[in-house]
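So the structure is just underneath, and the comments pick up after that.
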Amino acid sequence: MTARRWWRDRLLPVLGFPGLLLLGFLVEQLWLVPRVASRTPEENVAFWAVEAARHPDFAPAQVRLGLAQRRAGNLVGARQAFERALLADPHAEDAGIGLNGALRDAGDVRGAVAQMESFLRDNPGCLVCRQNLASDYLTLGRVADARREIDVVLSSGTPPVSPVYGPVDLRGSALLLAGRVYAASGDRQRAIELLEEGLARQPGDLQARAELERLRRGGSGGGMARP
Amino acid sequence: MGCVVATGEITAGAVRPASQAWSRERYIVSPVFDWVFFIGSPLLAVALIHVAKFWFTEAAISGVVLTFMAIGHHVPTFIRAYADPDEFARNRYRLVVVPVLVVGVMALLAARSSQLLQLIFVWDQYHFVRQHYGFMRIYDAKNGAVARSGPNLDLWLCFSLFAYIIAKGDLYNFIYAYSLFDAGLVPPAWLGTLLYQVAAVVAVAVVVLFALDLVRRVREGQPVSPLKIAITLTTYGVWYYAYVVYSNPFLSYAISSFFHCFQYDALAWHYNRRKAAGMQQQAGTGVFRFLHAARHVWAYVLAIFAYGFLSSVFGAVAPAVVFVINRTTGVLHYYYDSFIWQVRSADFRKNLG
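Top line first, the protein sequences correspond to chains A and B. Per the numbering used here: the first sequence ends with 227, consecutive numbering throughout. Per the numbering used here: the second sequence ends with 1353, consecutive numbering throughout.
Spelled out as structure tokens, the structure:
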């Protein structure tokens, strides 16, 4: 077998495909990642403003603009974009969640709660919404309401890893929030169990780890908001 | 290129009277099977997903389709690649070494949150179109229609129409925009409009050429497969509906994925069943023959759903690991499909019946 044929028949079919993937990865890491890192929030907004204008009735494009505006600190612009998304699709969970976040960032937690309660009336299956609402209730000190909402999330049969958001462990963040809610409601033992379970899934959450240590030492926990 | 007639014999390309051109409705399996699993499945997907909306959320429907169908349909590829001794012998090195290397690369991509994992969906779409082109080729082969200009025009039709649909619809416009942007590439604002205009002109031109070629072939008495036309109409009609008219972030892809997987699983089962029926009882063929015996169709379906189910269950315990495994089988499914299903291979055509 000649070297050329050996390369073509044996080596290329075996190494060509993984090599191509690896090459793509190297190009991304060496060339594209630095480009993304150097982008300013304003550049993100400019890009998504054009896309949102091209697709005015397509909720996901408006949501991306809202997220870019929110990261750029333009909370009014963010709120308007999320509201446009909800007009285009009243069931767009990302838009409901985004609007809730924009209101909270603006310091309007009561407004955020009202908005999320309204969204959940039309979209009762949105567990991320319910989890965020629990977090907002906790911020407002409405511990019983927070506990009711997080219990619904924990008892749901929804896949713990969202197929929509990729390998994001929604169950882990729900458990950590539940731990905080139960700590705030005074159920220290249950709070410790929930935080331990949550940290087993998301060991990198240092805030939750610190809270767990406080509870183990006999503290009441900080009752911190959203994980 | 020769053509396949009913006996599996290769001829030089038969010419028949015009009256016979449309008369050879040769099915891959049977009229009912073909219409349910292949030709009608795009319409079935639309109907089932819209009915499911009465009871389930869009995210839940999308999750079920992605888990049990999209992930599950990697299984027939692996059965064919690893349990069929002939296929394994033909590609031994690739089938042993490539998965080991790919799983490592996928783990690396996942660990670095690489946007390449997102960009792989480009291949997903290419893979959908290639499958449809494969069906066109199979129906042509079944009908003895192998005019020299045919396959290339078919390929042009497949890709130009799909590019037009993708460029016109909000959904994929958006998906491409954010995938490229998140990966570090900023497509200029005018590019989307230009691509749409070019895609529209090319698609119209190709449809006209395809129609003229069809008329010419009928006039000359060359065989034309009505089933090929039918599956093209249902597939592209549903793609247009799903991606342009409906343009739903959760369900458009679910519709497309549903019928892609449904067609794939059914074709793989039919092909492997015939292959298994012709196999001698020898060591190494047991699993393949068992899964493809007519009375064991349940085992085949169970194997497909089991991978989805196990992914869902273990995904709760170790999401990152399951994510890497699913992405690896997905990428290998695309890659293996490029060489384990070859309509031009005489062996493939023989086992297709």
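A virtual CB, placed ideally from N, CA and C, is assigned to each residue, including glycine.
So is residue i buried or exposed if we call it buried at 16+ other beta carbons inside 10 Å?
i	result
B:Tyr1176	buried
A:Leu215	buried
B:Ser1338	exposed
B:Asp1086	exposed
A:Gln69	buried
B:Asn1351	buried
A:Pro203	exposed
B:Phe1054	exposed
B:Ser1023	Confidence is the limiting factor: at B:Ser1023 the pLDDT is only 49, short of 50, which leaves the residue's position unreliable and the question unanswerable from this model.
B:Gln1282	exposed
A:Pro90	exposed
A:Pro163	With a pLDDT of only 47 at A:Pro163, under 50, the local geometry of the prediction cannot be trusted, and the value read off the model is given with reservation. It counts as buried.
A:Tyr182	buried
B:Glu1220	exposed
B:Trp1298	exposed
A:Gly198	buried
A:Glu43	exposed
B:Gln1197	exposed
A:Gln207	exposed
B:Gln1222	buried
B:Ser1312	buried
B:Thr1328	buried
B:Gly1144	buried
Can residue i and residue j be called in contact, C-beta distance under 8 Å?
i	j	result
A:Gly66	A:Ala49	no
A:Phe47	B:Leu1108	no
B:Leu1153	B:Leu1095	no
A:Ala72	A:Pro41	yes
B:Phe1038	B:Gln1263	yes
A:Leu195	A:Leu170	no
B:His1073	B:Asp1347	no
B:Val1324	B:Val1100	no
A:Val143	A:Ala184	yes
B:Phe1288	B:Ala1083	yes
A:Val63	A:Gly101	no
B:Ile1049	B:Ala1254	yes
B:Leu1233	B:Tyr1027	no
B:Ala1110	B:Leu1116	no
B:Ser1127	B:Thr1235	Note on residue identity: the sequence assigns His, not Ser, to residue 1127 of chain B. Going by C-beta atoms, B:His1127 is not nearer than 8 Å to B:Thr1235.
B:His1296	B:Val1029	no
A:Pro228	B:Pro1249	Beyond the ends of chain A as shown, which are 1 and 227, falls residue 228 of chain A; an answer cannot be given.
B:Val1224	B:Arg1217	yes
B:Tyr1164	B:Ala1203	yes
A:Val109	A:Asp136	yes
A:Arg79	A:Leu103	yes
B:Ile1166	B:Tyr1243	yes
Just the chain A side, please: which residues come within less than 9 Å of residue i by C-beta, in chain order?
i	result
B:Asn1173	Glu51, Arg54, His55, Phe58 and Ala61
B:Leu1185	Leu32 and Arg35
List the residues of chain B whose Cβ lies closer than 7 Å to the Cβ of residue i, in chain order.
i	result
A:Phe17	Val1098 and Tyr1335
A:Arg64	Tyr1178
A:Phe47	Phe1181 and Val1186
Which first and last residues belong to the alpha helix (DSSP H) in which residue i is found?
i	result
B:Pro1226	Pro1226 to Tyr1240
A:Ile192	Arg188 to Arg201
B:Tyr1048	It is Leu, not Tyr, that sits at residue 1048 of chain B in the sequence shown. Per DSSP, B:Leu1048 belongs to the alpha helix (DSSP H) from Ser1041 to Ala1052.
B:Met1136	Phe1121 to Lys1142
B:Asp1213	Ala1189 to Arg1219
A:Asp89	Note, A:Asp89: premise wrong, no alpha helix (DSSP H); not H, not E.
B:Ser1252	Leu1251 to Ala1277
A:Asn123	No alpha helix (DSSP H) contains A:Asn123, which DSSP labels as neither H nor E.
B:Val1244	Per DSSP, B:Val1244 belongs to no alpha helix (DSSP H) and is neither H nor E.
B:Arg1090	Pro1085 to Arg1090
B:Ala1294	Per DSSP, B:Ala1294 belongs to no alpha helix (DSSP H) and is neither H nor E.
A:Glu149	Val143 to Ser155
B:Thr1328	Pro1319 to Ile1340
A:Asn132	Leu127 to Thr139
Please list, in chain order, the chain B residues whose beta carbon lies closer than 9 Å to that of residue i.
i	result
A:Pro13	Asn1091, Tyr1093, Arg1094, Val1098 and Phe1339
A:Arg10	Tyr1093
A:Asp145	By Cβ distance, chain B contributes nothing, its closest Cβ being about 23 Å from A:Asp145, past 9 Å.
What does residue i touch in chain B if you count any residue whose Cβ is under 8 Å from its own?
i	result
A:Phe25	Val1105, Leu1108, Leu1109, Arg1112, Ser1114 and Leu1116
A:Gly141	The contacting residues do not exist; A:Gly141 stays about 31 Å from chain B at best.
A:Glu28	Ser1114, Gln1115, Leu1116, Ala1183 and Gly1184
What in chain A is Cβ-close to residue i, meaning under 7 Å?
i	result
B:Phe1121	Per Cβ cutoff of 7 Å: no residues; B:Phe1121 is ~12 Å from chain A at best.
For residue i, which residues in chain D fall below 7 Å Cβ to Cβ?
i	result
B:Gly1308	Going by chain labels, chain D is absent from the structure shown, which instead holds the protein chains A and B.
Comparing the CB of residue i with every heavy atom of the ligand FMN, is any distance shorter than 7 Å?
i	result
B:Val1198	Summarising the ligand content, the structure contains no ligands, and the ligand FMN is consequently not present.
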